[in-house]
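Residue numbers (my numbering), protein chains in the order written: chain A, 1 to 150; chain E, 1 to 150; chain R, 1 to 407; chain Y, 1 to 407.
We put the beta carbon where it would ideally sit given N, CA and C, even for glycine.
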Amino acid sequence: MSMSRLSGVDDLNEMYESIILDHYRNPRNLKKLASPDLEKDVNNPFCGDELSIQLNIENDVVTDLSVSGNGCAISQSSGSLLAESVINLTKIQILELIVNVRKMMRGEDISEEIRDSLGDIEALEGVKKFPVRIKCALLGWTGLEDLIQD
Amino acid sequence: MSMSRLSGVDDLNEMYESIILDHYRNPRNLKKLASPDLEKDVNNPFCGDELSIQLNIENDVVTDLSVSGNGCAISQSSGSLLAESVINLTKIQILELIVNVRKMMRGEDISEEIRDSLGDIEALEGVKKFPVRIKCALLGWTGLEDLIQD
Amino acid sequence: MSVNIDSVRKDFPILGRSVNGKKLVYLDNAATSQKPKIVIDSITEYYTKYNSNVHRGVHTLSMEATEAYENARFKVAKLINAPEDCIIWTRNATESLNLVASSWGLNNISAEQNIIITNAEHHSNLVTWQQISKKTGCELRYIDISNGFEMSNLKNILDKNTALVSITHISNVLGYVTPISDIVSLIKKMNLDTKILVDAAQSVPHMPLDVNDLGIDFLAFSAHKMMGPTGIGVLYGKKELLLNMEPYMFGGDMIIEVSYEGAKWNELPYKFEAGTPNIAGGISTGVAVDYLLNIGMENIWKHEVDLTNYALEKFSQFKNFTVLGNNLNHPRGGVISFVHKSIHPHDIGTILDKQGIAIRTGHHCAMPLVRSYGTSAAARVSFYIYNTFNEVDLFFEAIKDVEDYFL
Amino acid sequence: MSVNIDSVRKDFPILGRSVNGKKLVYLDNAATSQKPKIVIDSITEYYTKYNSNVHRGVHTLSMEATEAYENARFKVAKLINAPEDCIIWTRNATESLNLVASSWGLNNISAEQNIIITNAEHHSNLVTWQQISKKTGCELRYIDISNGFEMSNLKNILDKNTALVSITHISNVLGYVTPISDIVSLIKKMNLDTKILVDAAQSVPHMPLDVNDLGIDFLAFSAHKMMGPTGIGVLYGKKELLLNMEPYMFGGDMIIEVSYEGAKWNELPYKFEAGTPNIAGGISTGVAVDYLLNIGMENIWKHEVDLTNYALEKFSQFKNFTVLGNNLNHPRGGVISFVHKSIHPHDIGTILDKQGIAIRTGHHCAMPLVRSYGTSAAARVSFYIYNTFNEVDLFFEAIKDVEDYFL
Ligand SMILES: Cc1ncc(COP(=O)(O)O)c(C=O)c1O
Ligand SMILES: Cc1ncc(COP(=O)(O)O)c(C=O)c1O
């Protein structure tokens with residue numbers, strides 16, 4: 001990553017954190033599930049981000065999950081972070097996690113405890129300085145929320 | 001006619017000339033014709049002026065004519081002046097007269113000769129300082145033009 | 001709280017203007033209102049600082065424009081207590097009414113049904129339903145409100161087959177305020193499915209209004225009559241109705257997905273907003289709403305009712321003048337139409353203009369109503385918060401002079 | 001005559017603005033143009049000096065407003081060499097297209113007929129005809145212009161049953177200019193009754209255009225893309241067509257007479273203009289036309305073609321970028337869309353914005369076309385007369401930095 005003549009590099013670097021770029025270049029849990037219990041395609045047509053979410057669920061616990069798609073670094077890395085974070089969580093835990101991700105993106109105060117629970121997802125925080133990009137970051141999370149609430 | 005506290009009275013007096021007010025209060029040739037050869041109702045819906053024009057015509061000469069209606073002082077007096085002016089004129093003479101009336105209303109230069117030929121109609125000239133009222137003054141003339149050209 | 005009208009007037013640059021050598025007395029507010037400086041400045045600011053197309057841009061100008069534009073929608077929603085996504089930007093009240101007629105009316109009204117309007121509707125709420133009646137075969141029924149709104153007149157023609165009651169909130173000719181709440185109760189007692197549209201072009205600018213309280217289905221109004229710019233209006237609709245309505249126009253922003261075979265519509269309110277919107281118009285309408293709320297809708301209403309009562313009292317001293325809608329016990333807003341026994345409105349208008357006094361003359365886009373008074377034109381004065389009792393006095397002095405001049 | 005771009009730039013207050021600490025480089029002109037000070041000032045002047053409703057007033061303000069508004073219509077008519085009464089003010093190009101579709105299309109196209117458009121139409125000229133096709137049962141045919149407009153492609157699908165060819169003059173994605181004159185000749189040879197609509201949203205602002213010379217039936221464009229305000233657009237139609245078309249909306253100003261039983265329509269162009277118009281919008285559009293003509297449409301076109309060729313040449317040096325519509329021999333306007341092998345347009349847009357450079361990213365309201373390139377989004381730069389070669393250089397420097405940053 002070159003610093004070159006770009007201005008606003010600090011903000012950019014906060015958004016395009018190395019964890020983000022790593023997930024963008026090497027998305028996790030891409031592989032489609034053999035027989036998903038639930039699946040949903042979500043997209044943000046105005047910027048062209050697309051994600052397909054599939055999951056298996058047993059006794060309200062997500063046992064396996066795949067996220068794949070096309071789009072900008074933020075939507076895709078966020079989808080990959082999601083894919084890495086929710087396996088083995090219960091529906092309720094996931095919904096709580098989504099609430100916290102939203103809070104972080106909106107720049108609301110969150111406790112140290114919650115911050116710890118976010119793990120790598122915290123890398124998405126830099127997006128909050130780029131309001132139009134928040135939609136990209138939330139695309140997968142909103143889709144997942146719809147999927148497990150239906 | 002009182003001068004009272006009105007401002008712009010000079011302009012007003014030019015438009016509401018005594019000839020105009022006389023024709024407005026005592027319109028000429030109101031009486032409907034027994035068996036008109038041509039007739040037409042014209043109106044200007046935006047200010048609510050209405051005129052009914054009827055005429056008898058023989059060998060291209062207007063032998064009798066009636067103009068009656070409802071509306072503002074300008075449209076009605078202009079209709080009455082028209083009713084007084086065109087009997088015994090040929091179609092061609094009338095069309096020429098209408099051209100000259102229009103010229104006068106637009107404030108174009110007209111020769112002394114033409115001005116003389118207008119007679120009392122010249123009293124309408126004051127309307128030219130009130131552009132929105134020109135439509136009122138021309139209502140009957142435009143209707144007559146359509147009627148004899150059809 | 002009472003409002004200092006002189007200080008309100010200072011907010012309106014045009015009120016300092018003179019016309020024909022006299023200070024402007026603007027009494028044509030039902031046609032369009034004047035604009036406070038902050039509204040005008042907000043337009044300049046938009047074009048000089050952050051002009052950009054909205055909704056689809058990732059760059060800063062576009063973000064700023066989108067935020068300001070959507071924030072204005074939020075303000076309008078708050079003004080009438082509606083959810084934000086039920087506020088559709090249109091060009092004017094006329095388009096709002098046409099949108100309901102096309103998207104809802106054409107598809108939901110059948111030949112056995114009927115539509116009820118009043119005999120005092122503005123052409124936009126009259127011709128529009130006449131056309132729907134011709135196209136669907138349904139009957140168009142009129143309530144006569146010449147002597148004020150009487151519930152029994154509505155009762156007489158309302159039935160289970162009434163698909164829609166579309167009614168002016170304040171008549172732009174008679175000035176009468178229709179009792180919307182009571183009308184809604186009556187209708188809902190007869191048939192819960194009957195829809196109620198309120199033409200609020202003359203009410204939203206002048207009084208507090210709460211669509212939720214009123215329980216109506218649609219509301220239409222124009223920004224230019226409420227201190228906002230020309231070229232933008234509002235339609236409010238109940239969400240469940242809007243969700244089921246077809247789009248009105250097709251193009252950018254109103255779609256979520258397009259292929260060469262077909263398209264899917266965007267969510268509310270965008271489904272009804274095709275193409276680049278009136279961005280400056282929306283933003284400055286938001287500023288107008290702030291300005292109105294800062295004065296207070298109650299205060300605006302009270303002042304205008306006071307001016308109106310004062311003017312009606314004065315009219316009663318002129319024996320040659322007749323006020324259209326002369327039921328003086330009826331609730332009414334700041335609109336008074338009148339005719340003279342022998343002087344035509346157009347002549348009155350011209351002479352008043354020479355005195356710097358702007359009034360409207362003509363059919364006021366309610367031709368059949370005006371005709372029902374045996375005339376094809378009437379004169380009209382209409383007030384806003386910036387009008388003063390002194391201006392009413394000046395008007396009546398000039399009226400006296402008109403009589404002196406002509407009679 | 002050559003234009004001094006630096007002095008042109010001084011007329012645009014927004015160009016002095018900085019974005020994210022950098023001087024604004026505005027390359028999103030196909031979305032909307034910036035406005036010169038005189039256009040903005042004309043809006044302020046209207047609202048501070050003669051704001052009033054038009055057409056129906058006898059008072060001075062109303063006369064002044066009507067005159068200015070109608071004078072603007074006259075200027076627009078002159079710009080495209082059309083008769084004044086064939087110029088209809090709409091909200092935007094989208095509404096102009098929808099008006100033709102509803103008022104003419106729905107009533108004149110039958111199931112055996114077909115409509116031809118290109119695969120590169122803006123949604124407003126695509127979804128609109130898709131809907132007419134669904135409603136009338138007629139076939140919608142597409143000419144593929146991805147590699148430029150080829151007459152043979154039109155010949156292949158044009159037949160005696162083609163009711164309408166509705167075609168973009170300049171694609172807002174590919175930048176190609178379609179040869180309207182030749183297209184008209186071909187069509188008229190096949191069938192004199194086939195109508196031709198030109199979507200001129202991207203051409204009228206940038207080049208000389210004469211509807212009479214072209215011999216087309218309808219033309220649609222928006223003021224906001226030609227230095228005018230948001231919220232106003234234009235439809236030109238041939239008189240004999242407009243005369244026979246039904247009104248689009250109903251209400252004030254579009255009627256000549258109304259009774260409780262029916263209504264008669266006003267003359268052209270008012271028949272199609274219901275309700276209080278965008279008066280400030282019309283007046284300031286007239287000022288924008290004056291401004292454009294003062295620079296000269298030929299000069300504007302030449303400068304933009306030069307910028308475009310310069311930029312295309314530079315793009316050819318970037319091996320990871322692909323220009324959409326890469327037939328470099330085809331006539332084209334100042335619009336270039338591009339994608340990168342691995343960096344998403346949205347990320348490019350964000351990083352450029354940090355450098356003060358405004359470009360557009362997304363589907364550009366031509367979703368199926370952009371999809372046909374195997375992507376759901378593209379980036380786009382688009383020029384106007386106030387853009388400079390230096391700005392193009394700044395853009396490419398930033399593009400290089402984007403690659404450095406991401407790769
Ligand atoms: C009662 C009423 N309804 C509708 C309208 C139409 O408003 P607009 O011309 O802004 O569409 C008006 C304005 O004249 C009105 O007074
Ligand atoms: C080719 C083309 N047609 C139509 C339109 C629609 O213009 P508007 O959004 O102003 O209605 C646009 C603008 O995006 C365009 O580029």
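In chain order, what residues of the same chain have a beta carbon less than 6 Å from the beta carbon of residue i, not counting five sequence neighbours either side?
| i | result |
| --- | --- |
| A:Lys32 | Ser66 |
| R:Asn212 | Asn81 |
| Y:Lys319 | none |
| R:Phe221 | Ala93, Ala200, Ala201, Val204, Val234 |
| R:Thr230 | His224 |
Let's test the definition: count the other Cβ atoms within 10 Å of the Cβ of residue i and tell me whether it reaches 16, buried, or not, exposed.
| i | result |
| --- | --- |
| Y:Asn266 | buried |
| E:Glu125 | buried |
| A:Met1 | Unreliable positioning characterises A:Met1 in this predicted model, as indicated by a pLDDT of 44, which lies under 50. The coordinate reading is nonetheless provided below. Result: exposed. |
| Y:Glu391 | buried |
| E:Gln76 | buried |
| Y:Phe74 | exposed |
| E:Arg5 | exposed |
| Y:Asp353 | buried |
| E:Asp109 | exposed |
| Y:Leu27 | buried |
| A:Ile92 | exposed |
| Y:Ala111 | exposed |
| R:Ser259 | exposed |
| A:Asp146 | exposed |
| A:Glu112 | exposed |
| E:Asp10 | exposed |
Give the C-beta separation of residue i and residue j to the nearest angstrom, bearing in mind that I take them to be a contact with Cβ-Cβ under 8 Å.
| i | j | result |
| --- | --- | --- |
| Y:Phe250 | R:Asn98 | 6 Å |
| E:Ile74 | E:Arg133 | 5 Å |
| Y:Ala72 | Y:Val54 | 11 Å between Cβ atoms; not a contact. |
| Y:Lys271 | Y:Met254 | 5 Å |
| Y:Ile14 | Y:Gln34 | 5 Å |
| Y:Ile157 | Y:Ile216 | Actually they do not touch by this definition, with Cβ atoms about 19 Å apart. |
| Y:Arg91 | Y:Asn114 | Going by Cβ atoms, the distance from Y:Arg91 to Y:Asn114 rounds to 29 Å, so no, they are not a contact pair. |
| R:Ala288 | R:Met227 | 4 Å |
Excluding sequence positions up to five away, which residues of its chain have a Cβ less than 8 Å from the Cβ of residue i?
| i | result |
| --- | --- |
| R:Gln202 | Ala30, Thr168, His169, Ile170, Ser171, Asn172, Lys225, Gly333, Val335 |
| Y:Leu126 | Ile117, Ala366, Pro368 |
| E:Met3 | Per-residue confidence for E:Met3 stands at a pLDDT of 48, beneath the threshold of 50, marking its modelled position as unreliable; no derived number is given. |
| R:Asn20 | Asp353, Lys354, Gln355, Gly356 |
Excluding the 5 residues flanking residue i on each side, which residues of the same chain have their C-beta closer than 7 Å to its C-beta?
| i | result |
| --- | --- |
| Y:Leu209 | Ile80, Ala200, Ser203 |
| E:Ile57 | Asp37, Leu38, Thr63 |
Contained alpha helix (DSSP H) runs [length at least 4] in the region 129-164 of chain R, N- to C-terminal order:
151-157
Note down, one range per segment and in chain order, each alpha helix (DSSP H) of at least 4 residues found wholly within the region 201-266 of chain Y.
211-214, 239-244
I'd like to know if the region 11-31 of chain E and the region 72-92 of chain E are in contact, where contact means that at least 3 CB-CB pairs between them fall below 8 Å.
yes
Counting Cβ pairs closer than 8 Å, one from the region 176-192 of chain R and one from the region 357-371 of chain R, do we hit at least three?
no
Three Cβ pairs or more, each shorter than 8 Å: is that satisfied between the region 338-355 of chain R and the region 8-15 of chain R?
no
Please give the ranges of any beta strand (DSSP E) in the region 369-403 of chain Y, keeping only runs that are unbroken, at least 3 residues long and fully inside the region.
378-382
Counting only runs that start and end within the region 266-346 of chain R, where is the beta strand (DSSP E) found for 3 or more residues in a row?
321-324, 335-340
Are there three or more Cβ pairs, one per stretch, closer than 8 Å when the region 386-406 of chain Y is compared with the region 305-313 of chain Y?
yes
Can you give, in chain order, each stretch of the beta strand (DSSP E) that sits fully within the region 26-65 of chain R and has at least 3 residues?
none
For the region 46-115 of chain A, list the alpha helix (DSSP H) runs that are entirely contained and at least 4 residues long, ordered along the chain.
73-85, 91-105
Is it the case that the region 128-144 of chain E contacts the region 94-103 of chain E, given that we only count it when at least three CB pairs across the two stretches are under 8 Å?
yes
Is the region 42-52 of chain Y in contact with the region 48-63 of chain R, if contact means three or more CB pairs nearer than 8 Å?
no
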